[in-house]
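Participant: Read left to right, the sequence shown gives residues 9 to 347 (the working numbering).
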Amino acid sequence: MGNESINWDKLGFDYIKTDKRYLSYFRNGEWDKGTLTEDNVLHISEGSTALHYGQQCFEGLKAYRCKDGSINLFRPDQNAARMQRSCARLLMPHVSTEQFIEACKEVVRANERFIPPYGTGGALYLRPFVIGVGDNIGVRTAPEFIFSVFAIPVGAYFKGGLTPHNFQISSYDRAAPQGTGAAKVGGNYAASLMPGSQAKKAHFADAIYLDPLTHKKIEEVGSANFFGITHDNKFVTPNSPSVLPGITRLSLIELAKSRLGLEVVEGDVFIDKLSDFKEAGACGTAAVITPIGGISYNDHLHVFHSETEVGPVTQKLYKELTGVQTGDVEAPAGWIVKV
Numbered sequence: 009m010g011n012e013s014i015n016w017d018k019l020g021f022d023y024i025k026t027d028k029r030y031l032s033y034f035r036n037g038e039w040d041k042g043t044l045t046e047d048n049v050l051h052i053s054e055g056s057t058a059l060h061y062g063q064q065c066f067e068g069l070k071a072y073r074c075k076d077g078s079i080n081l082f083r084p085d086q087n088a089a090r091m092q093r094s095c096a097r098l099l100m101p102h103v104s105t106e107q108f109i110e111a112c113k114e115v116v117r118a119n120e121r122f123i124p125p126y127g128t129g130g131a132l133y134l135r136p137f138v139i140g141v142g143d144n145i146g147v148r149t150a151p152e153f154i155f156s157v158f159a160i161p162v163g164a165y166f167k168g169g170l171t172p173h174n175f176q177i178s179s180y181d182r183a184a185p186q187g188t189g190a191a192k193v194g195g196n197y198a199a200s201l202m203p204g205s206q207a208k209k210a211h212f213a214d215a216i217y218l219d220p221l222t223h224k225k226i227e228e229v230g231s232a233n234f235f236g237i238t239h240d241n242k243f244v245t246p247n248s249p250s251v252l253p254g255i256t257r258l259s260l261i262e263l264a265k266s267r268l269g270l271e272v273v274e275g276d277v278f279i280d281k282l283s284d285f286k287e288a289g290a291c292g293t294a295a296v297i298t299p300i301g302g303i304s305y306n307d308h309l310h311v312f313h314s315e316t317e318v319g320p321v322t323q324k325l326y327k328e329l330t331g332v333q334t335g336d337v338e339a340p341a342g343w344i345v346k347v
């Protein structure tokens with residue numbers, strides 16, 4: 009597919025085959041130097057642990073075209089560190105930060121023509137992943153592994169961009185106490201498919217998950233992190249061992265403190281205390297920020313700022329974060345890696 013056929017202003021979050029992807033194999037105790045390939049089909053053993061036992065993890069990050077034509081990678085070191093933690097949780101060899109960042113750079117350079125132009129609101133989404141492969145049948149760590157990175161041009165994850173969406177509290181659990189909730193592994197997302205589908209059938213954007221132990225506290229919004237702005241201007245986000253530590257969440261915490269002067273609270277967000285918040289949102293690499301218009305719980309829709317208008321604090325956070333990502337706002341030290 010050539011980039012001339014892409015309507016940059018109407019990009020969604022869909023798979024588009026690009027020119028090259030990075031592929032590295034772990035054999036005999038070490039990763040090889042990796043290579044770029046045009047082949048977007050993986051050839052793996054039918055006994056691969058990734059297929060049978062879910063031994064795999066992945067990441068998501070973006071490359072942005074700046075006004076001066078340069079390319080920004082946003083906080084890839086944080087994604088590398090999180091992938092290393094996920095690999096450790098699933099007994100997979102970790103990919104060094106150096107190899108991770110260099111692989112991302114190579115993929116961006118090889119697919120530069122697919123980076124959405126500055127000003128379109130789009131970005132080049134990178135999907136690094138590690139999977140267990142090789143001939144195997146027992147429940148054990150794999151004999152070999154693949155580390156790969158591919159890229160696709162993307163627009164807004166939710167249709168309409170920065171507009172409020174309503175969400176529904178799910179009775180299902182996304183992760184188990186002391187489970188893999190804090191690791192970015194496929195099983196967590198497989199568990200969300202049914203409740204997410206049910207929420208969409210009921211005309212909500214996605215499901216919201218409560219803590220698996222007590223079902224009293226908000227943990228995640230679909231595949232994104234939750235944040236709320238209290239009436240006295242505190243930025244509040246859940247703190248739990250089963251919540252994925254998002255890079256966007258981390259960045260908003262730091263920007264809320266340093267740029268907006270908000271007090272940040274990482275703690276419990278009780279479902280029966282939604283009235284404490286004047287604004288709420290979901291944040292993640294794909295969606296960046298999705299304002300939450302309302303949350304449906306026990307057949308009651310609690311509306312925050314508005315179902316149609318974005319709250320002023322959420323708007324400021326979004327403008328600051330996207331400005332940093334695209335080079336329009338000065339970035340904190342170490343946040344941007346030039347390609």
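Positions of the beta carbon are idealized from the N, C-alpha and C atoms, including for glycine.
In this text the structure is predicted, and so the values were computed from the model without any measurement.
Based on the DSSP secondary-structure assignment, which residues constitute the bridge partners of residue 289?
Facilitator: 235 and 299
Participant: Tell me, please, which residues DSSP counts as bridged to residue 80.
Facilitator: Paired residues: 72 and 346.
Participant: Taking only runs of the alpha helix (DSSP H) that begin and end inside the stretch 150–200, which ones reach a length of at least 4 residues, in chain order?
Facilitator: 194–198
Participant: Going by DSSP, what residues sit across from residue 5 in a beta bridge?
Facilitator: Absent from the structure is residue 5, since the part of the chain shown begins at 9 and ends at 347.
Participant: Just tell me which of 160, 36 and 318 has its CA closest to the CA of residue 24.
Facilitator: Nearest to residue 24 by alpha-carbon distance, out of 160, 36 and 318, is 160.
Participant: Report yes or no: do the stretch 223–236 and the stretch 195–208 share at least 3 C-beta pairs separated by less than 8 Å?
Facilitator: Because the criterion of three Cβ pairs below 8 Å is met, the stretch 223–236 and the stretch 195–208 touch.
Participant: To the nearest angstrom, how far is it from the Cα of residue 252 to the Cα of residue 83?
Facilitator: 16 Å
Participant: Would you please state the rounded distance, in angstroms, between the beta carbons of residue 153 and residue 100? I believe it to be under 8 Å.
Facilitator: 6 Å
Participant: Quick one: what does DSSP say residue 108 is sitting in, helix, strand or coil?
Facilitator: helix
Participant: Comparing C-alpha positions only, which one of 111, 103, 211 and 323 sits nearest to residue 65?
Facilitator: That would be 103, whose Cα lies nearest to the Cα of residue 65.
Participant: For a quick check, are the C-beta atoms of residue 157 and residue 134 less than 8 Å apart?
Facilitator: yes
Participant: Residues in the same chain with beta-carbon distance under 8 Å from residue 266, minus the five sequence neighbours each way, listed in chain order, please.
Facilitator: 340
Participant: Pair every Cβ in the stretch 203–213 with every Cβ in the stretch 109–122, then say whether three or more of these pairs are closer than 8 Å.
Facilitator: Output reads no: the stretch 109–122 does not touch the stretch 203–213.
Participant: What's the C-alpha gap between residue 272 and residue 309?
Facilitator: C-alpha separation (whole angstroms): 26 Å.
Participant: So does the stretch 325–338 actually touch the stretch 68–75, counting three or more Cβ pairs closer than 8 Å?
Facilitator: yes
Participant: Helix, strand or coil: which one does DSSP assign to residue 330?
Facilitator: helix
Participant: Please tell me whether residue 129 and residue 163 are closer than 8 Å, where the distance is taken between their beta carbons.
Facilitator: Going by C-beta atoms, residue 129 is nearer than 8 Å to residue 163.
Participant: Three or more C-beta pairs closer than 8 Å, one from the stretch 49–61 and one from the stretch 177–193: is that the case here?
Facilitator: no
Participant: To the nearest angstrom, how far is the alpha carbon of residue 236 from that of residue 243?
Facilitator: 6 Å
Participant: Is residue 137 helix, strand or coil by DSSP?
Facilitator: strand
Participant: Tell me which residue opens and which closes the beta strand (DSSP E) that residue 28 is part of.
Facilitator: From DSSP, residue 28 is part of no beta strand (DSSP E); its letter is neither H nor E.
Participant: Check the DSSP bridge columns for residue 44 and list the partner residues they point to.
Facilitator: 30
Participant: Identify which residue in 78, 274, 143 and 136 has its Cα closest to the Cα of residue 249.
Facilitator: It is 274.
Participant: DSSP beta-bridge partners for residue 35?
Facilitator: 38
Participant: How would you write the range of the beta strand (DSSP E) that residue 316 sits in, first residue to last?
Facilitator: It is not in any beta strand (DSSP E) - residue 316 carries neither H nor E in the DSSP assignment.
Participant: So, helix, strand or coil for residue 21, using DSSP?
Facilitator: coil
Participant: Hey, out of 283, 124 and 136, whose CA is closest to residue 29's CA?
Facilitator: 136
Participant: Going by the CB atoms, is the gap between residue 286 and residue 239 shorter than 8 Å?
Facilitator: Their beta carbons are under 8 Å apart, which means residue 239 touches residue 286 by this criterion.
Participant: Based on the DSSP output, what are the partners of residue 310 in its beta bridges?
Facilitator: 303
Participant: Taking the alpha-carbon positions, what's the residue 284 to residue 300 distance?
Facilitator: For residue 284 and residue 300, the distance between alpha carbons rounds to 14 Å.
Participant: Would you please state the rounded distance, in angstroms, between the beta carbons of residue 98 and residue 190? I believe it to be under 8 Å.
Facilitator: Going by Cβ atoms, the distance from residue 98 to residue 190 rounds to 12 Å, so no, they are not a contact pair.
Participant: In angstroms with no decimal places, state the Cα-to-Cα distance between residue 20 and residue 125.
Facilitator: 15 Å
Participant: Of all the options 289, 204, 69 and 110, which has the alpha carbon lying nearest to the alpha carbon of residue 172?
Facilitator: 289
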